[in-house]
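Remarks on the structure that follows.
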Amino acid sequence: AAAAVAAAAATTTTTRRETMAGQRRVFVVGVGMTPFLKPGKHDKDYPDFAKEAGERALADATIKYSEVDQVVCSYCYGDSTCGQRAAYQLGMTGVPVYNVNNNCASGASGLFMARQFVAGGLSECVMALGFEKMEPGSLGSKFQDRTNPMDKHMMKMMELHEFVPAPPAAQMFGNAGREHQKRYGTKPETFAKIAYKNHKNSVLNPYSQFRDEYSLDQILNAPTVHAPLTKLQCCPTSDGAACVIVASEDFVKKHGLEGQAIEIVGMAMKTDTPDVFEEGSMMKIVGFGMTRAAAEDAYKQAGIKPTDINVLEL
């Protein structure tokens, strides 16, 4: 259910753009990441991951933590104020630390907030720090004594499809895949090619939890989780952290970072609209509508169109 909330809760898209009226230009000046590890198979904790990712980002930016004005920490699995505990590993400078929980959009939400602080003139340099320490196995709900945030989405899904013994997130996305097949004649091989590409990329990625390459047949013939999705098409739970430092144009020039600063020239975030529950579409229930709206917004900010994009990550 948690993974499904990510698609249903928020979608963020980043592209190139011209600065909007009244906003300052925002640049990425440093990044850092840890290898992602299988939950329960290591002895590291989230403060360890956060410290490693944060220190790498600071080193990449060639700045000190004391030069960071605000910190936005993103995570899903943890108690309140884990962000402070994580950020204190880098220093205790008294700056504001925000805790963001937005499921699979948490990291993007943190970056979105950090960019807004700089674009709006509130800060010169902001750190977005995402980390996670999860549990082995499929995602599930932690609190059984209160309303599940996905209750309306799940009830709508169950109006359209029978609930079966399979992970709820896989059911939601699998059922969306079935709708896509029905609408467009999409073949299972088409979905499997996405996993084929991802696994192939992982072989060259030292930060990836799994670095095995699989053939298309191996992916298609893996155990079915919820058709058309097989085990090798589903995301594993992972422990790790990543960090991005963003800064204003003045900060970039002051620190001589022009040679490495990358401008965030378009970024948009959207959430659900009423048609999600009105149209009976699994594709919309898992986020198709808001994803398209976010993309359209970011393209508009950038003054570009999809055919202008050279590299796209979904």
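Everything in the sequence shown is counted per this note's numbering, starting at 30 for the first residue and increasing by one.
By construction, the Cβ of each residue, glycine as well, lies at the ideal position given by its N, Cα and C atoms.
Because the structure is a prediction, the values reported are computed rather than measured.
- Residue 223 is classed as exposed because its beta carbon has fewer than 16 other beta carbons within 10 Å across all chains shown.
- The three-state reading of DSSP puts residue 109 in coil, since its state is none of H, G, I, E or B.
- The continuous stretches of beta strand (DSSP E) do not include residue 121, and DSSP gives it neither H nor E.
- Taking a 10 Å sphere around the C-beta of residue 200, we find 16 or more other C-beta atoms and assign the residue as buried.
- Under the DSSP assignment, residue 299 falls in the beta strand (DSSP E) whose first and last residues are 295-299.
- Under DSSP, residue 158 takes part in a beta bridge, and its partners are 102 and 272.
- A contact is defined here as three or more CB-CB pairs under 8 angstroms, and the segment 265-274 meets this definition with respect to the segment 155-168.
- Annotation: residue 63 is outside any beta strand (DSSP E) and is labelled neither H nor E by DSSP.
- DSSP places residue 170 outside both helix and strand once states are collapsed to three, so it counts as coil.
- Closest in C-alpha terms to residue 157, from the list 112, 246 and 281, comes 112.
- In the DSSP assignment, residue 253 is bridged to 259.
- Leaving aside the five residues that flank residue 98 on each side, the residues in its chain whose CB is nearer than 7 angstroms to its CB run, in chain order, 124, 152, 153, 154 and 155.
- In the assembly as shown, residue 212 is an exposed residue. Its beta-carbon has fewer than 16 other beta-carbons within 10 Å.
- Secondary-structure assignment with DSSP links residue 57 through a beta bridge to 275 and 291.
- Excluding residues up to 5 positions away in sequence, 162, 163, 164, 165, 266, 267 and 268 lie with their Cβ nearer than 8 angstroms to the Cβ of residue 68 in the same chain.
- About 6 angstroms separates the beta carbons of residue 202 and residue 315, which is inside the 8 angstroms limit, making them a contact pair.
- Nearest neighbour of residue 271 by Cα position, chosen from 56, 54 and 60, turns out to be 60.
- The beta carbon of residue 306 lies closer than 6 angstroms to those of 185 in the same chain, with the five residues before and after it left out.
- Separation of residue 240 and residue 258 (C-alpha to C-alpha, rounded to the nearest whole angstrom) is 20 angstroms.
- Counting along the chain, residue 219 sits inside the alpha helix (DSSP H) bounded by residues 217-231.
- Cβ-Cβ distances below 7 angstroms link residue 94 to 87, 119, 120 and 122 in the same chain, with the five nearest sequence neighbours on each side left out; the list follows chain order.
- DSSP places residue 129 in the strand class (E or B) of the three-state scheme.
- Annotation: residue 230 to residue 174 spans about 42 angstroms, alpha carbon to alpha carbon.
- Proximity to residue 286 across 325, 90, 77 and 301 peaks at 90, based on C-alpha coordinates.
- Burial state of residue 192 is exposed, judged by a 10 Å Cβ sphere holding fewer than 16 other Cβ atoms.
- Its Cα nearest to that of residue 132, the residue 168 stands out among 280, 168, 149 and 142.
- Across the structure, residue 226 and residue 234 are spaced so that their CA atoms are roughly 13 angstroms apart.
- Residue 333 is positioned such that its CB atom lies no closer than 7 angstroms to that of residue 57.
- Beta-carbon to beta-carbon, residue 244 and residue 159 are separated by about 33 angstroms, too far to satisfy the 8 angstroms threshold.
- Taking residue 190 as reference, the option from 92, 78, 206 and 177 with the minimal CA-CA separation is 206.
- Note that the C-beta distance between residue 299 and residue 324 is not below 7 angstroms.
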